[in-house]
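In this text, residue positions in the sequence shown follow my numbering: the first is 302, and each later residue adds one.
The beta-carbon is built from N, C-alpha and C at its ideal position, and this holds for glycine as well.
Beneath this line is the structure, given in structure tokens, with notes to follow.
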Amino acid sequence: FRPYEFIKDNKKIVSLLLFFSGVLSYYFYLNPKIKNRFIKKPKNLILKNKNPKYPVSQINVREQKEAECALHSFWNACLNEISDNIEDFKKNEEKYSIEFDLWIEKIRKNFKQRNWFNDGVLEKIIENQDYHPNFIKGKDLNIKILRSLTHNPEDFFKLNSIAFKGINKVNKKGQKVRGEMFEGKIAENNETYKQVIRSEVGDSIEFLNKGQAQNLILLIKQHFIALKLKKNEALPNGLEIWLADSFYNNNNTNNDSLNRVLDYYADKLSLG
């Protein structure tokens, strides 16, 4: 009935009660609200699948800061190699995040360039173990680069105009000059295009049918993304599909170029 006198006579007890009340209030009430307000919530593990035909799981991955999609796609393909599922992929991505920064600086210094589009550097990185991340060194990489299958014939020849031009014209001085090797020959163009596709895909279909996951790097126009395919007859079209795009994690689950690749593999997959 006389609170002032009670507080005055029991300062230590009242101080302890106020202290513990404050701690409990912070722990059970204020702390969760502060976390929800100031701590960035984690992204979804995968993006929404917009593909009506295929079950595409596009993983939220580390975003590129420079025009180095080729290097990011190779790194993600390496993570695909050592990951049995998407949860493993994310754990490995976090586990080797510091190594990624060191690795990408090493590649920049070795090649001294920023244009990784179509100069063969990506192939050199795949073929030479000295350029592989430490966590995968000593392992034969099963990574293929698909540059032709992702494009229709017209776009493919535009993107590879230098490779498919020959010295087949003669100027007024009688000198041979460069001209379109397949100019006006649509049938030959299509057959050449198909041959390039078969060469790039190689034995990938055969091994996929045997149950071996296929790790691919796709060139979509002038951008590289990583793709993993696994045979899974419980899923539509028999394919389990992982996708990683480091360019702001743009949703490519229903991309025309991706679908061209998926159709090609699904048509040749042996089921049942």
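Simplified DSSP state of H524, which is helix, strand or coil: strand
Y549 versus L423, Q365 and N461, residue with shortest Cα-Cα distance: Q365
Run of the beta strand (DSSP E) containing V362, from where it starts to where it stops: Premise fails: V362 is in no beta strand (DSSP E) and is neither H nor E.
Status (buried if at least 16 other CB within 10 Å, exposed otherwise) for L520: buried
As assigned by DSSP and simplified to three states, the class of L563: helix
Element boundaries [beta strand (DSSP E), containing I437]: From DSSP, I437 is part of no beta strand (DSSP E); its letter is neither H nor E.
Beta-carbon gap between L509 and E534 smaller than 8 Å: no
Three-state secondary structure (DSSP) of A545: strand
Closest by C-alpha distance to C370, when choosing among R561, L570, Q523 and N556: Q523
Where the alpha helix (DSSP H) through K410 begins and ends: S398 to F412
Residues bridged to N511 (per DSSP): Inspection of the sequence shows that residue 511 is occupied by Lys rather than by Asn. Answer is none; K511 lacks a bridge partner.
Whole-angstrom distance between L403 and F412, CA atom to CA atom: 15 Å
Below-8 Å beta-carbon distance, C370 vs any chain D residue: Going by chain labels, chain D is absent from the structure shown, which holds only one protein chain.
Proximity below 8 Å, CB of A514 to CB of S374: no
Pairwise C-alpha distance: H433 and I506: 25 Å
Local conformation of L574 per DSSP, three classes: Only positions 302 to 573 of the chain appear in this structure, which leaves residue 574 out of reach.
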